[in-house]
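Novice: In our numbering, the protein residues as written are 1 to 520.
Here it is, the structure, as structure tokens.
Here is the structure:
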């Protein structure tokens, strides 16, 4: 029996066909993977299911009964719950307050908070979603916030839960916890639609997989009958390489030296402690670590957005003449041939309400050829730059006038990468380059990173994906509690070894990863 069946669903936005006669059915009490490239139509289909969009044509059936949703309220009443990729929680409120918001139990004229809290505790224990009901949302981890989102759907009686890219921002440990939670929900009678670009996780947890490409259903297969390569080929219509093809590293002189760096986080706690490392030209140095161990603050310090409280950051030119950039503003740092692909493209990488051509020149608009010495804007140069970058970086869009907020995650990320590479950097900071990005775009981005490395650029890579770190890097450092524990050659690394270091199992602090002929 099918818990959900969407039949011949079509939806267009002006001339763009997002869903083209899609059929999508999910068996009761199963986990069903929904995969496809960014822009394939997955989000549109799920927004139709959740009542956020109305289909142009097609039918929806829940438990074999036809339904029509005029809004999310109708979908929720029919037992549909959705956990969005970007959480919809109120930071200042507690876990309990967020879960009951809009569906508060009443005790006479007033909210019965005690009853609500008791029910939240009961739900969390029943489904293994352990959270502190009294904790403020802005004080808990991303993984715990996601549990709150799942509890919100269960509190409202969801029997079908859509999880949209649920592991995109989770640590490896949190991913493992989430998959266990999903398995328990399945055993307890909940049906789950699992949207993800991480095919390894899709293979690990789902019963069936449906692939969508260019708004059409390509097929539904039993998970046990397909491997990752077959799924990827169905997604993009061609063979996809999961292995990064790169030649042996031939590093040059040191480009950046970070020595005894220290900094405080926003809570006033020391988050970087005597952190030291060097990166040579033509080398990818990656830092692995569980989120919250100082990576974000390190990015802020290197990019001039946070002042260090100790240590030094120095850049070296071709003649090894040093420039101290410690504590400089972002503009002054970037004027030293430094580029930055931030970990959160929405907050720091893009102006979402700007169009593509505008985003491709932010931070460059005051420079030639986009402006003359008098500050006059050269529209022709901006238009040509957009056309060139859209072609070179395969940014899939109808026009350079489209706003960034209307693009898929993969195309948004390509805009950021195209703009930062326009700066012709000698040192580039790359954080979470493929977060929320589909398999085809991942392959493209990985190739660009290796091209940069082979052209002699020094690269600092920070990623939550251990396979990405091992594949792309030449050396790897592990950060734990603000300290660099160990630096190793990528050839000597494994996900198991890195995973243990990331939780502090083997705490052997190094001299900071200074390069030598031995570990270069």
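Note that beta-carbon positions come from the ideal geometry of N, C-alpha and C, so glycine has one too.
List in chain order: all unbroken beta strand (DSSP E) runs of 3+ residues lying wholly within the segment 419-468.
Specialist: Taking only runs of at least 3 residues, the beta strand (DSSP E) segments lying wholly in the segment 419-468 are 427-431, 458-462.
Novice: Which same chain residues, not among the five before or five after residue 323, have their C-beta less than 8 Å away from its C-beta?
Specialist: 314, 315, 316, 317, 336.
Novice: Per the contact definition of three or more C-beta pairs closer than 8 Å, is the segment 81-94 in contact with the segment 158-168?
Specialist: They touch, by the three-pair rule.
Novice: Short check: CB of residue 400 to CB of residue 357, under 7 Å?
Specialist: Cβ atoms of residue 400 and residue 357: closer than 7 Å.
Novice: Looking only at its chain, what residues have a beta carbon closer than 6 Å to the beta carbon of residue 450, apart from the 5 residues adjacent to it on each side?
Specialist: Closer than 6 Å at Cβ, skipping near neighbours: 246.
Novice: Spell out whether any CB of chain C is found under 7 Å from the CB atom of residue 171.
Specialist: This model lacks chain C altogether; it includes just one protein chain.
Novice: Tell me whether residue 198 sits in a helix, a strand or coil according to DSSP, three-state version.
Specialist: Here residue 198 sits in coil by DSSP.
Novice: Rounded to whole angstroms, how far is the Cβ of residue 281 from the Cβ of residue 458, which I believe are closer than 8 Å?
Specialist: Indeed, because the Cβ distance is near 5 Å, the residues count as touching under 8 Å.
Novice: Nearest to residue 215 by alpha carbon, out of 482, 370, 12?
Specialist: Considering only alpha carbons, the answer is 12.
Novice: Our contact map puts residue 262 next to residue 272 with C-beta atoms below 8 Å; I'd like the distance itself, whole angstroms only.
Specialist: Yes, they are in contact, since the Cβ atoms of residue 262 and residue 272 sit about 5 Å apart, within 8 Å.
Novice: Is the beta carbon of residue 147 closer than 7 Å to that of residue 170?
Specialist: No.
Novice: For residue 134, count neighbouring C-beta atoms within 10 Å of its own C-beta (all shown protein chains included) and say buried if the count is 16 or more, exposed if not.
Specialist: Burial call: exposed.
Novice: What's the call for residue 518, buried or exposed, on a 16-neighbour Cβ count within 10 Å?
Specialist: Residue placement at residue 518 is poorly supported in this model, since its pLDDT is 38, which falls under 50; the coordinates still yield a value, given next. Burial call: exposed.
Novice: Between 93, 120, 159, which has its C-alpha nearest residue 139's C-alpha?
Specialist: Measuring from the Cα of residue 139, the nearest candidate turns out to be 93.
Novice: Closest to residue 328 by C-alpha separation, out of 338, 321, 320, 136, would be which residue?
Specialist: For residue 328, the nearest C-alpha among the options comes from 338.
Novice: Going by DSSP, which residues form a beta bridge with residue 355?
Specialist: Partner(s): 403.
Novice: According to the Cβ coordinates, are residue 41 and residue 21 closer than 7 Å?
Specialist: No. Outside cutoff.
Novice: Can you tell me whether residue 269 is buried or exposed, with buried defined as 16 or more other CB within 10 angstroms of its CB?
Specialist: Looking at its Cβ environment, which holds fewer than 16 other Cβ atoms inside 10 Å, residue 269 is exposed.
Novice: Could you tell me which residues DSSP puts in a beta bridge with residue 19?
Specialist: Residue 19 pairs with 11.
Novice: How long is the line joining the alpha carbons of residue 64 and residue 227, rounded to whole angstroms?
Specialist: Residue 64 and residue 227: Cα-Cα distance of roughly 31 Å.
Novice: Taking all protein chains shown into account, do 16 or more other C-beta atoms lie within 10 angstroms of the C-beta of residue 505, making it buried, or fewer, making it exposed?
Specialist: Exposed: under 16 other Cβ atoms inside 10 Å.
Novice: Nearest to residue 447 by CA position, among 398, 325, 392, 500, is which residue?
Specialist: It is 392.
Novice: If you follow the beta strand (DSSP E) that residue 274 is in, where does it begin and where does it stop?
Specialist: Residues 270-280.
Novice: Does the contact criterion of 3 or more C-beta pairs under 8 Å hold for the segment 42-54 versus the segment 222-240?
Specialist: As far as the Cβ criterion goes, the segment 42-54 does not touch the segment 222-240, which means the pair count is below three.
Novice: May I ask you to report which of helix, strand or coil DSSP gives residue 487?
Specialist: Looking at residue 487 - three-state DSSP - the assignment turns out to be strand.
Novice: Using only alpha-carbon positions, find the residue among 72, 186, 291, 409 that is nearest to residue 440.
Specialist: Comparing Cα-Cα distances from residue 440 to each of 72, 186, 291, 409, the minimum goes to 409.
Novice: Suppose you measure from the CA of residue 191 to the CA of residue 297; what does that come to, to the nearest Å?
Specialist: Going by the C-alpha atoms only, they are around 39 Å apart.
Novice: Looking at the secondary structure, which residues open and close the alpha helix (DSSP H) in which residue 190 lies?
Specialist: Run containing residue 190: none; DSSP gives neither H nor E here.
Novice: Rounded to the nearest angstrom, what separates residue 153 and residue 80 at their Cα positions?
Specialist: Straight-line Cα distance between these residues: approximately 8 Å.
Novice: Starting from residue 322, follow its DSSP beta bridges and name the residues at the other end.
Specialist: Answer is 316, bridged to residue 322.
Novice: Between residue 232 and residue 341, which are expected to be in contact by the criterion C-beta below 8 Å, what is the C-beta distance as a whole number of angstroms?
Specialist: No, residue 232 and residue 341 are not in contact; Cβ-Cβ is about 24 Å, not under 8 Å.
Novice: Tell me where the beta strand (DSSP E) around residue 82 begins and ends.
Specialist: 80-83 is the span of the beta strand (DSSP E), which, as asked, contains residue 82.
Novice: Using the Cβ count rule (16 or more neighbours within 10 Å means buried), how would you classify residue 204?
Specialist: The residue in question, residue 204, is exposed, as its Cβ has fewer than 16 Cβ neighbours within 10 Å.
Novice: By how many angstroms is the C-alpha of residue 159 removed from the C-alpha of residue 4?
Specialist: Between residue 4 and residue 159, the C-alpha separation is close to 10 Å.
Novice: Would you give the residue range spanned by the beta strand (DSSP E) that residue 283 belongs to?
Specialist: Residue 283 -> no beta strand (DSSP E), and no H or E assigned at all.
Novice: Could you give the distance in angstroms between the alpha-carbon of residue 137 and the alpha-carbon of residue 124?
Specialist: The straight-line gap from Cα to Cα measures roughly 16 Å.
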